[in-house]
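First up is the structure itself, then whatever we jot down about it.
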Amino acid sequence: MQDQVYYWRVSTDSISPDQGYHWSRKSFLYKPGSSPGWNQSHFHQFTDNDLDRLLIDSTRQSFIFGSKSRNFIILNRFQDVVQGLIPKVVEDGILLAEFFTGFRDRNVQAFVVAIDSLTGNYIYNPNPGLYGSFNHLAFDAKCFAYRTDIPESRQALINFVENIVPSGYYVFFYTYSRPSYPDYFPELWAEDEAVYGKSVFSMIEHQYPTSAIRTLATTGSVPYIVYFQKDRGGIQELIAQDSADVISMSTDIMSSLTRGSHISRLVGPATQWYSILNDTKPVAVDTAGKNILSAIALSSDFSDTLVISTQLLSQDTVIADIDATAYPYIRLTYSTEDSITFHPSDLQMWRVLYEGNPEFVIQPDLGFEFIADTLNRGESLKLSTYVENVSAYDVDTLPVALRIISADNSIEEITTQITNFKGKSAVPVEFIKNTSGMSGDYQVYMEVNPGRTVNEVNYANNIGVLSTYVRVDDANPVLNVTFDGYHIKDGDLVASKPLIAAQLHDENENLRLDDTSSFELYLEYPSDFDPQPVYFTDPRIHFIPSPASGKNVATVEFRPELLEDGIYTLQVNASDASGNPAGDNDYMVSFEVINDASVSNIYNYPNPFSSSTRFIYTLTGTGSPAFYKIEILSVTGILVREITQDEMGPMAVGGHMTEYAWDGKDDNGNELAAGMYLYRLVVKDEQMKDYPHYSPYGDGDYNSKGWGKLVLVR
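When the sequence shown is numbered by the working numbering, its final residue is 794 and no position is left out of the sequence of numbers.
Structure (structure tokens):
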């Protein structure tokens, strides 16, 4: 409905009966065709203002002036000046003699004090006294003194309370006894009812139905005080035990203020100001009353202000000339004063028209992914969600930052930007951070518009906070070192041109082994006293990094030419990307190089055998011979099986067992009979010359031709 104010509210869900809803209320005015801006035109909107000396009257949906108080103390006792026993009234710490001792020489026994409950003002009694009272003082007294020894004066007192004091006023009635006038004759008061139809007793009982004032008729003239609000009930009554007793009461008398103000919240921020509109009720009939609407503009840091007007007289004030860049905020103040009816003049409407700023919020409801609850070091932290521009204003560029804060408060920040951000739209943002070098607990802060580079309505909803934990990689990687594909032991023979492969495998597939810093190689030659480092700039070195995915394996291939015969020592240090070493000790092995090509006799294992047997040999030199075979003969010299080099596979320098296993069959695949057989290894070079003989373990059972014996068991 046009020109209608609408309210809406929101609360987090109540999770238990003990925890209710906590509503946040907002409102808006539906006014088609109007410029955008800020408006208050309904009672509950005005309650959102800062109120200075104004109070909210929700019952009447209006505002009232605040109040002030003053303390009123009355102490009543039999007065004896010689002994210093004096009744008194103290108002805000000031002793007022007129309420008692100012009348000590006068024939009066009771007083009435009447105070306006709204204004706090007394009903004053001028000299010589109104309404049958007495006032001999040279000023208007705040009390009305009466004789209570004669019925006419008592009736005047009753008439003053019942017919002169307005309804709602606070009334004090108290007695006064002193040596010259010790009695106030309460035993006579009840007789007035038969003659006049009312007495001081009945008058007090009408205002204070539970009053015990009639007991004075039997106790006599003891100190007495009663306090009530006219026609609205009793407040307090005190009766002394005897004439020497002291009674006292203290109360705060409230009174209404006569002026107050509405102070608006900050209006804005704005990019362009248009106008201020207002509508207020007319001033009450009061020459002292007035309503003033004023306005100031404020800088963004509130350090500078610009007075727009100390009194806006027009209902439509143009403010388009105010620079919204310098002064993006406006605050309105409405001051109202009324000292006659004591009722502030209510605002009907005030409104500021302006173009505003955008407003951004993190919107996980549109999409949210956070892969970071617990991560292994090297895994990627990923946060993706949406940012929404809930305003109608477009933005060219909006920065978004992700801050990752460690337990020791070190901060790493990643930033991205949203470009051409349209109003009333949402866009996805994503952050990915590899956790290499991270460990432990972290706080992850995502902030939209960091540094507030884009003016915005509210910055409080621009931050989201999450937690993550990065688990340290403390598992050792595995190092595997081979020479021409074989694992060697200390003292083994190695080819003079070997392929040494150092392969490092790490189970953590997130921190890839893609850097040569994971390896250190040292080689000590026979003539060296200390091992020499092998640098990765050496052309004999080839580094194969771990692939981007899959198994995390890196390899170093080292192809040295070991031209010096003797004992070499290789040392390999390896660690993963987290610095975990491949073992408690570095890999270290000593090996022998013999550059001249030679081959040992062979022997088979197992021997005897039933199903298969393999052959063990030792080879020196640079690599596999040009030609080689194994011959197996019967004891009568008949060749029963020739195992070719194609069947055996390549021979490697060093002491090795063939991959090939003979199954006890002849060249035609027939099983040979059980018994003893002879065998030998034939090895030749490129010129088909026999390889020199190498004897690593002596000739043993071998004859000069290199023949051996094996036993086949069936």
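Using N, Cα and C, we set each Cβ at its ideal position, and we do this for glycine too.
Remember, it's a predicted structure, so these values are computed and weren't measured experimentally.
Three or more C-beta pairs under 8 Å: does that hold for the stretch 532-552 against the stretch 627-640? No, because fewer than three Cβ pairs between the stretch 532-552 and the stretch 627-640 fall closer than 8 Å, the two stretches do not touch.
Pop quiz: I682 and G788 are said to be a contact at Cβ under 8 Å. What is the actual Cβ separation, rounded to whole angstroms? For the purposes of this step, residue 682 is identified with residue 602 of the sequence shown, where counting begins at 1. For the purposes of this step, residue 788 is identified with residue 708 of the sequence shown, where counting begins at 1. With a Cβ gap of about 7 Å, I682 and G788 count as contacting.
Residues in its own chain within less than 8 Å of E171 by CB, not counting five upstream and five downstream? Stepping through the sequence shown from its first residue, residue 171 is reached at position 91. For E171, same chain residues with a beta-carbon under 8 Å away, outside a window of 5 residues either side, are R150, N151, F152 and I153 in chain order.
In terms of alpha-carbon separation, which member of F179, R184, T360 and L392 lies closest to V161? Translated into the one-based positions of the sequence shown, residue 161 becomes position 81. Of the candidates F179, R184, T360 and L392, the residue whose Cα lies closest to the Cα of V161 is R184.
Do L593 and L584 have their CB atoms nearer than 8 Å? For the purposes of this step, residue 593 is taken as residue 513 along the sequence shown, with counting starting at 1. For the purposes of this step, residue 584 is taken as residue 504 along the sequence shown, with counting starting at 1. Contact: yes.
At a cut-off of 7 Å, is Y648 close to the ligand PLP when judged by its beta-carbon and the heavy atoms of the ligand? The ligand PLP is not part of the structure shown, which contains no ligands of any sort.
Where are the beta strand (DSSP E) runs, 3 residues long or more, that stay fully inside the stretch 280-336, in chain order? Correct list: 304-309, 313-319 and 327-336.
In terms of alpha-carbon separation, which member of G300, D418 and T299 lies closest to S145? As a first step, residue 145 is located in the sequence shown; it is residue number 65 there, counting from the start. One point to set straight first is that residue 145 is Phe, not Ser, in the sequence displayed. Ranking G300, D418 and T299 by Cα distance to F145 puts D418 first.
Endpoints, alpha helix (DSSP H) assigned at R234: Position 154 of the sequence shown, counting from 1, holds the residue named residue 234. P231 to N239 is the span of the alpha helix (DSSP H), which, as asked, contains R234.
Here's a check: name, in chain order, each residue in its chain whose Cβ is nearer than 6 Å to the Cβ of S323, leaving out the five neighbours to either side. Sequence index remark: in the sequence shown, residue 323 carries index 243 (1-based). Taken in chain order, the residues that qualify are F158 and V302.
What is the DSSP secondary structure of L131, counted as helix, strand or coil? Position 51 of the sequence shown, counted from the first residue, corresponds to residue 131. For L131, the three-state secondary structure derived from DSSP is strand.
CB-CB length for V720 against I712, believed under 8 Å: Translated into the one-based positions of the sequence shown, residue 720 becomes position 640. Translated into the one-based positions of the sequence shown, residue 712 becomes position 632. A Cβ-Cβ separation of about 6 Å places V720 in contact with I712 under the 8 Å criterion.
Give the straight-line distance between the Cα atoms of L378 and N129, rounded to the nearest whole angstrom. On the sequence shown, position 298 is the one that residue 378 refers to. On the sequence shown, position 49 is the one that residue 129 refers to. Cα-Cα distance, rounded: 17 Å.
Could you please give me the residues that DSSP links to L346 through a beta bridge? Sequence index remark: in the sequence shown, residue 346 carries index 266 (1-based). DSSP output for L346 lists no bridge partner at all.
Could you check the C-alpha separation between G659 and L346 for me, to the nearest Å? Counted from its first residue, the sequence shown places residue 659 at position 579. Counted from its first residue, the sequence shown places residue 346 at position 266. Taking the straight line from one Cα to the other gives about 57 Å.
For T454 and Y549, believed in contact at Cβ under 8 Å, the rounded distance: On the sequence shown, position 469 is the one that residue 549 refers to. On the sequence shown, position 374 is the one that residue 454 refers to. Y549 to T454, Cβ: 5 Å. Contact.
Is there contact here, the stretch 651-670 with the stretch 691-700, by at least three beta-carbon pairs under 8 Å? With contact defined as three or more Cβ pairs closer than 8 Å, the stretch 651-670 and the stretch 691-700 are not in contact.
Between I580, T351 and F179, which has its C-alpha nearest A404's C-alpha? Start at 1 with the first residue of the sequence shown, and residue 404 comes out as number 324. Ranking I580, T351 and F179 by Cα distance to A404 puts T351 first.
Rounded to the nearest angstrom, how far is the Cβ of Q523 from that of V545, given a contact under 8 Å? As a first step, residue 523 is located in the sequence shown; it is residue number 443 there, counting from the start. As a first step, residue 545 is located in the sequence shown; it is residue number 465 there, counting from the start. Confirmed, Cβ separation roughly 6 Å.
Would K148 be called buried (16 or more neighbouring beta carbons within 10 Å of its own) or exposed? Taking the sequence shown and counting its residues from 1, the one referred to as residue 148 is at position 68. Label assigned to K148: exposed.
Ordered along the chain, which non-local residues of its own chain (more than five positions away) have a Cβ less than 6 Å from that of Q497? To locate residue 497, count along the sequence shown from 1; it is residue 417. Cβ within range, chain order: T477 and P479.
Please work out which residues of its chain come closer than 6 Å, Cβ to Cβ, to E468, disregarding the five sequence neighbours upstream and downstream, and give them in chain order. Here residue 468 is taken as the residue at index 388 of the sequence shown, counted from 1. Taken in chain order, the residues that qualify are V441, Q443 and A506.
What residues in its chain sit with their C-beta under 8 Å from that of P611, if we drop five residues either side in the sequence? As a first step, residue 611 must be located in the sequence shown, where it is residue number 531. If we look at P611 and ignore the five residues flanking it on each side, its Cβ neighbours are Y602, L603, E604, T649 and Q651.
By the DSSP assignment, the alpha helix (DSSP H) with H423 in it spans what residues? Locating residue 423 in the sequence shown gives position 343, where the first residue counts as 1. Unbroken run through H423: none, as it is neither H nor E.
Which of helix, strand or coil does DSSP assign to W103? Mapped onto the sequence shown, residue 103 falls at position 23. In this structure, DSSP gives W103 a state outside helix and strand, which the three-state scheme calls coil.
For D521, collect the residues of the same chain with a Cβ closer than 6 Å to its Cβ; drop the 5 residues on either side in sequence, then sort them by chain order. Position 441 of the sequence shown, counted from the first residue, corresponds to residue 521. Only A487 and Y549 meet the Cβ criterion.
Short check: CB of G200 to CB of L433, under 8 Å? Walking along the sequence shown from the start, residue 200 turns up at place 120. Walking along the sequence shown from the start, residue 433 turns up at place 353. In terms of Cβ geometry, G200 and L433 do not form a close pair [threshold 8 Å].
Would you mind stating whether A677 and D765 have Cβ atoms separated by less than 8 Å? Here residue 677 corresponds to residue number 597 of the sequence shown, with the count starting at 1. Here residue 765 corresponds to residue number 685 of the sequence shown, with the count starting at 1. Taking a C-beta distance under 8 Å as the contact criterion, A677 and D765 qualify as a contact pair.
Give a yes or no on contact between the stretch 225-232 and the stretch 176-192, applying the rule of three or more CB pairs nearer than 8 Å. Yes, since at least three Cβ pairs between the stretch 225-232 and the stretch 176-192 fall closer than 8 Å, the two stretches touch.
Buried or exposed: K513, going by 16 or more other Cβ atoms within 10 Å of its Cβ? Taking the sequence shown and counting its residues from 1, the one referred to as residue 513 is at position 433. The C-beta of K513 has 16 or more other C-beta atoms within 10 Å across all chains shown, which makes the residue buried.
Between which two residues does the beta strand (DSSP E) carrying V467 extend? Working through the sequence shown from its first residue, we reach residue 467 at position 387. Taken as a continuous stretch (DSSP letters only), the beta strand (DSSP E) holding V467 covers S460 to N469.
Shortest alpha-carbon distance to I718 belongs to which of E739, M756, T724 and V793? The count along the sequence shown starts at 1 and reaches residue 718 at position 638. When each option's Cα is compared against that of I718, the closest is M756.
For a quick check, are the C-beta atoms of L790 and Y708 less than 8 Å apart? Locating residue 790 in the sequence shown gives position 710, counting from the first residue. Locating residue 708 in the sequence shown gives position 628, counting from the first residue. Not closer than 8 Å, so no.
Starting from Y276, trace the alpha helix (DSSP H) in both directions and tell me its first and last residue. Residue 276 sits at position 196 when you count from the first residue of the sequence shown. Run containing Y276: D272 to Y276, per the alpha helix (DSSP H) assignment.
What do you reckon, are the CB atoms on S341 and L134 nearer than 8 Å? To locate residue 341, count along the sequence shown from 1; it is residue 261. To locate residue 134, count along the sequence shown from 1; it is residue 54. Contact: yes.
Collapsed DSSP secondary structure at M768 in the structure displayed: Counting from 1 along the sequence shown, the entry for residue 768 is found at position 688. Coil.
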